[in-house]
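Below is one structure, written out as structure tokens; comments come after it.
Number of protein chains: 2
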Amino acid sequence: MAFQNVKGTRDFYPDDMRKLNWVLETWRRVSVRNGFEEYDSPIFEYLDLFTAKSGPEIASQLFNLTDRGGRQLAIRPEITPSLARMVNAKVNALPRPIKWFSIPRLCRAENPQKGRLREFFQWNVDVIGEDSELADAECICVAVDALREMGLREKDIVVLYSSRALLSEVLKSLQVAEDAIPAVMAALDKRAKVPPEAFAAMLAEAVPDAAAQAGIVKFLEAGKGGQDIEASIRAAGLTVTDAMAAALTRLEEFRKALGLLGIAEYCRYDTGIVRGLAYYTGIVYEIFDQAQGLRALAGGGRYDNLLQVLGGPKVSATGFGMGDVVLGILLEEKGLIPATAKSAALDYFVIDGEGATLEDVMKVVALLRTAGRVTDFSYKRQATGKQFQQANRRGARKAVILRAGGQLAVKDLASGAQKEMTVEELLKGA
Amino acid sequence: MAFQNVKGTRDFYPDDMRKLNWVLETWRRVSVRNGFEEYDSPIFEYLDLFTAKSGPEIASQLFNLTDRGGRQLAIRPEITPSLARMVNAKVNALPRPIKWFSIPRLCRAENPQKGRLREFFQWNVDVIGEDSELADAECICVAVDALREMGLREKDIVVLYSSRALLSEVLKSLQVAEDAIPAVMAALDKRAKVPPEAFAAMLAEAVPDAAAQAGIVKFLEAGKGGQDIEASIRAAGLTVTDAMAAALTRLEEFRKALGLLGIAEYCRYDTGIVRGLAYYTGIVYEIFDQAQGLRALAGGGRYDNLLQVLGGPKVSATGFGMGDVVLGILLEEKGLIPATAKSAALDYFVIDGEGATLEDVMKVVALLRTAGRVTDFSYKRQATGKQFQQANRRGARKAVILRAGGQLAVKDLASGAQKEMTVEELLKGA
Numbered sequence: 005m006a007f008q009n010v011k012g013t014r015d016f017y018p019d020d021m022r023k024l025n026w027v028l029e030t031w032r033r034v035s036v037r038n039g040f041e042e043y044d045s046p047i048f049e050y051l052d053l054f055t056a057k058s059g060p061e062i063a064s065q066l067f068n069l070t071d072r073g074g075r076q077l078a079i080r081p082e083i084t085p086s087l088a089r090m091v092n093a094k095v096n097a098l099p100r101p102i103k104w105f106s107i108p109r110l111c112r113a114e115n116p117q118k119g120r121l122r123e124f125f126q127w128n129v130d131v132i133g134e135d136s137e138l139a140d141a142e143c144i145c146v147a148v149d150a151l152r153e154m155g156l157r158e159k160d161i162v163v164l165y166s167s168r169a170l171l172s173e174v175l176k177s178l179q180v181a182e183d184a185i186p187a188v189m190a191a192l193d194k195r196a197k198v199p200p201e202a203f204a205a206m207l208a209e210a211v212p213d214a215a216a217q218a219g220i221v222k223f224l225e226a227g228k229g230g231q232d233i234e235a236s237i238r239a240a241g242l243t244v245t246d247a248m249a250a251a252l253t254r255l256e257e258f259r260k261a262l263g264l265l266g267i268a269e270y271c272r273y274d275t276g277i278v279r280g281l282a283y284y285t286g287i288v289y290e291i292f293d294q295a296q297g298l299r300a301l302a303g304g305g306r307y308d309n310l311l312q313v314l315g316g317p318k319v320s321a322t323g324f325g326m327g328d329v330v331l332g333i334l335l336e337e338k339g340l341i342p343a344t345a346k347s348a349a350l351d352y353f354v355i356d357g358e359g360a361t362l363e364d365v366m367k368v369v370a371l372l373r374t375a376g377r378v379t380d381f382s383y384k385r386q387a388t389g390k391q392f393q394q395a396n397r398r399g400a401r402k403a404v405i406l407r408a409g410g411q412l413a414v415k416d417l418a419s420g421a422q423k424e425m426t427v428e429e430l431l432k433g434a
Numbered sequence: 005m006a007f008q009n010v011k012g013t014r015d016f017y018p019d020d021m022r023k024l025n026w027v028l029e030t031w032r033r034v035s036v037r038n039g040f041e042e043y044d045s046p047i048f049e050y051l052d053l054f055t056a057k058s059g060p061e062i063a064s065q066l067f068n069l070t071d072r073g074g075r076q077l078a079i080r081p082e083i084t085p086s087l088a089r090m091v092n093a094k095v096n097a098l099p100r101p102i103k104w105f106s107i108p109r110l111c112r113a114e115n116p117q118k119g120r121l122r123e124f125f126q127w128n129v130d131v132i133g134e135d136s137e138l139a140d141a142e143c144i145c146v147a148v149d150a151l152r153e154m155g156l157r158e159k160d161i162v163v164l165y166s167s168r169a170l171l172s173e174v175l176k177s178l179q180v181a182e183d184a185i186p187a188v189m190a191a192l193d194k195r196a197k198v199p200p201e202a203f204a205a206m207l208a209e210a211v212p213d214a215a216a217q218a219g220i221v222k223f224l225e226a227g228k229g230g231q232d233i234e235a236s237i238r239a240a241g242l243t244v245t246d247a248m249a250a251a252l253t254r255l256e257e258f259r260k261a262l263g264l265l266g267i268a269e270y271c272r273y274d275t276g277i278v279r280g281l282a283y284y285t286g287i288v289y290e291i292f293d294q295a296q297g298l299r300a301l302a303g304g305g306r307y308d309n310l311l312q313v314l315g316g317p318k319v320s321a322t323g324f325g326m327g328d329v330v331l332g333i334l335l336e337e338k339g340l341i342p343a344t345a346k347s348a349a350l351d352y353f354v355i356d357g358e359g360a361t362l363e364d365v366m367k368v369v370a371l372l373r374t375a376g377r378v379t380d381f382s383y384k385r386q387a388t389g390k391q392f393q394q395a396n397r398r399g400a401r402k403a404v405i406l407r408a409g410g411q412l413a414v415k416d417l418a419s420g421a422q423k424e425m426t427v428e429e430l431l432k433g434a
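Structural data, given as structure tokens:
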């Protein structure tokens, strides 16, 4: 009878936990210094919160459960619906802009693949109640700040962005029916992930008209990696409408904001970025490793209607999510996990040498711990050689060897240098 | 359409989150300095892990779910089964003693009451692979260390302990059948929580013999708060058997260890402490507020058979769990939540005064944030008075007012004192 963890979930042994904590702590520290405040929601919600946001088909992608009263619940697959629910509940009491972040544990009932697990952590950074592109750009800036803090540079990562608002207007001008737009968006989002024939089939199902299909493909091709967005509109055989011009102005403001925030060199316009979820309304973006061998590191954008869809007033919102799984793969590939996150380490291991008692050991251990030093000792009274072995196994930096009468020696376990001192001197240096 | 969180769960708005984080960070810091390493397990496990440990009746107290393959899963109601599973999986590779801690999010499908929610955080500290009472005592020492760190003192909290091993021997001597012992333990654990008649009925159901019932009650009464444990055995009309003597010796060793660790004054023997769960084998304990108006703050003990029950070798183990809910109530009651955990605070709020541009603001903001200072600014270019309002609302300690030509003033928002300086001087002081 050997028990195992559920497929697609992870056990975090201390070696794994230190690496995870290094990522989570970096996310938290960077969020805070950028002026964001942390929140969290319960691990499960009433199912209807998720179906109200994403339609009934979402239920099959969730871990569903029921409470004792038979009400349907689900483990959160993302935190944005909970965020919207929480903000709606206090919408008049919360001063705007609301700049919040969270690092939720999320679960999705999907088949585990590389970079995609059933349980993961996801950093979420959102600005609610602010219409300006400065808010969108600042969210990206926070994401880049964290990635830079972890050692990733322009050569390693790229932020690809586009405008859902512009794409919607282009589709309308190509005579795509309003109710077909979500299906087109979903097809476009899959484009880079499926074979060309599969994409063509998806697109044809969403848009039966061949001319419209061709226009969409031309718009995408001309806009891929290009900075002349108007040219991509013309490439699709269209002229710039007033609504398109408005979307272009917002894109221009967004670009200026990226420059003001000093991250323009990380960011590139790319019509291929669409985001699968239906609720995005403006600028959308994804962050990739430059080699693009991996799934997106992060994705986000503006979702100005979601709070209203979930029963609140119309309040603009923008933000992103960044998971720990793809990021973890990239950081390992690049060798960026620091040594301190890789191995456990004690500051001190206290050993009872000749004439010292367990009582002496416990006193020194308590003093060092109270001084905040990571300290341990052997439960067994055994030969000092065995205790040194334990100290080394635990990665202790220094061993404290107690002698009779309160004298002690401190040994640096890396250099081997040893120094006699009193307890008072030890504590002064600790 | 107003969505709500599930009954018995909590939303953590930033004000709540700061308080929670203060508790979680204290637990983590204290664990680490006492030489424990952090681990975590998935939020759900295959249901049979929990039923193997606690019997099939546990399923009704869990949030159950199924994966796509129809396998039964459950959200973890405690982390100990996952800990045992993880240790068993690498039992020969892990050097002992294994000193691990975790701060899992746990869920139980019960009716919410004061101090008892459906979702909560629980600090777990365990030592695996160590037989000595020093390990049991050190776990308690870590718990007390954290409670002291939060400001609780001897007058506020008490650790009540007893010995399951001794109680088992007493029950055997009173002719209680081996297979009735778990039911007796469960009844004894409920004793302080139900009316006397209800306890009497539970006990009578577990032990039909009236003399045995009387003996149990006498043993409990004589041992409540008393330090003369042998007297409580005699009070039950029994003589001390060899097995009882062995349990008494271990209790004595445990007491000595509490003294060595400097926490004897926090601890008191009390036969009333039994712990409901079937898997405890030795010393057991619970930590209470001295007024005992609340449920236990923490509970734990030795469980030397669990790893074997879950498919591993026989490895001794001891540890405790401390939830955040009862602790949170006590800390609020005592006024111990520090001001820093109560209100958000920015270090700097950067304002564009006369002649300064958004570009100037963004430059200074980026410099301060890069220096690790918690810094924010207004997305809107508006009157400085409005920006000061926002700075105050965000609890900023200082406002930086930019002027044309790179000059600036720093205003202490508490004292009102204002000082002119350059960006370089600002950064030197930041």
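In the order they appear, the protein sequences are chains A and B.
Using our numbering, the first residue of the first sequence is number 5, and each one after it goes up by one.
Using our numbering, the first residue of the second sequence is number 5, and each one after it goes up by one.
Just so you know, even glycine gets a beta-carbon here, dropped at the ideal spot from N, CA and C.
At least one CB of chain B lies nearer than 8 Å to the CB of Arg37 (chain A). Among the residues of chain A, those whose CB is under 8 Å from the CB of Cys111 (chain B) are Ile47, Phe48, following chain order. Take Leu406 (chain A), set aside five residues on each side of it, and the residues of its chain with a beta-carbon closer than 8 Å to its own are Val354, Ile355, Asp356, Gly357, Ala360, Asp364, Val365, Val368, Leu412, in chain order.
In this structure, Glu82 (chain A) sits away from Leu121 (chain A), with a CB-CB distance that is not shorter than 8 Å. In this structure, DSSP gives Met154 (chain A) a state outside helix and strand, which the three-state scheme calls coil. Of all residues in the region 362-383 of chain B, only Leu362, Glu363, Met366, Ala370, Arg373, Gly376, Arg377, Val378, Thr379, Asp380, Tyr383 come within less than 7 Å of chain A when Cβ atoms are compared, listed by chain position.
In this structure, the alpha-carbon of Val36 (chain B) lies about 39 Å from that of Gln394 (chain B). For Asn38 (chain B), same chain residues with a beta-carbon under 7 Å away, outside a window of 5 residues either side, are Val146, Asp149 in chain order.
Below the 7 Å Cβ cutoff, chain B contributes Phe7 as neighbours of Arg89 (chain A), in chain order. Ala139 (chain B) sits away from Gly286 (chain B), with the two beta carbons spaced by 8 Å or more. Here Pro46 (chain B) is near Asn9 (chain A), since their CB atoms are less than 8 Å apart. Here Asn128 (chain B) is buried: its Cβ has 16 or more other Cβ atoms, across all protein chains shown, within 10 Å. Shown here, Glu269 (chain B) sits in a helix according to DSSP, grouped into three states. At a cut-off of 8 Å between beta carbons, Leu265 (chain A) contacts chain B.
For Asp308 (chain B), the closest Cβ of chain A is not nearer than 8 Å. Within the same chain, Cβ atoms closer than 7 Å to the Cβ of Ala408 (chain B) are found at Glu358, Gly359, Ala360, the five residues on either side in sequence being excluded. Along the region 174-231 of chain A, the alpha helix (DSSP H) occurs as fully enclosed runs of 4 or more residues at 185-194, 200-210, 214-227, listed in sequence order. Neighbours of Leu138 (chain A) in chain B, taken as residues at a C-beta separation under 7 Å, are given in chain order as Tyr383. By the CB criterion at 8 Å, Gln65 (chain A) and Gly327 (chain A) fall outside the cutoff. Taking 8 Å as the cut-off, the beta carbon of Leu431 (chain B) is found no closer than this to the beta carbon of Leu362 (chain B). When DSSP assignments are scanned along the region 107-148 of chain B, the uninterrupted stretches of beta strand (DSSP E) that are 3 or more residues long and fall wholly within it turn out to be 109-111, 123-132.
Within the region 44-90 of chain A, the beta strand (DSSP E) runs of at least 3 residues that lie entirely inside it are, in chain order, 48-50, 68-70, 76-79. At a cut-off of 8 Å between beta carbons, Trp31 (chain A) makes no contact with chain B. Inter-segment contact for the region 182-192 of chain B and the region 275-290 of chain B is present: three or more beta-carbon pairs are separated by less than 8 Å.
In the structure shown, Phe258 (chain B) adopts helical secondary structure according to DSSP, grouped into three states.
Here Val131 (chain A) is near Glu142 (chain A), since their CB atoms are less than 8 Å apart. Residue contact check for Val329 (chain A) against chain B: no CB pair falls below 8 Å. With at least 16 other beta carbons inside 10 angstroms of its own, Gln391 (chain B) counts as buried.
Counting only residues of its own chain and dropping the five nearest sequence neighbours on each side, Asn68 (chain B) has a CB closer than 6 Å to the CB of Ala78. According to DSSP, residue pairing for Ile291 (chain A) in a beta bridge involves A:Val163, A:Ala302.
Taking the beta carbon of Trp104 (chain B) as reference, the chain A residues within 8 Å of it are Pro18, listed in sequence order. Residue range 402-406 is occupied by the beta strand (DSSP E) that includes Ala403 (chain B).
Comparing C-alpha distances from Glu49 (chain A) to each of B:Ala268, B:Gly12, B:Asn25 shows the shortest one belongs to B:Gly12. Per DSSP, the continuous alpha helix (DSSP H) segment holding Glu234 (chain B) begins and ends at 233-239. Per the coordinates, the alpha-carbon of Glu290 (chain A) lies some 52 Å from the alpha-carbon of Asp160 (chain B).
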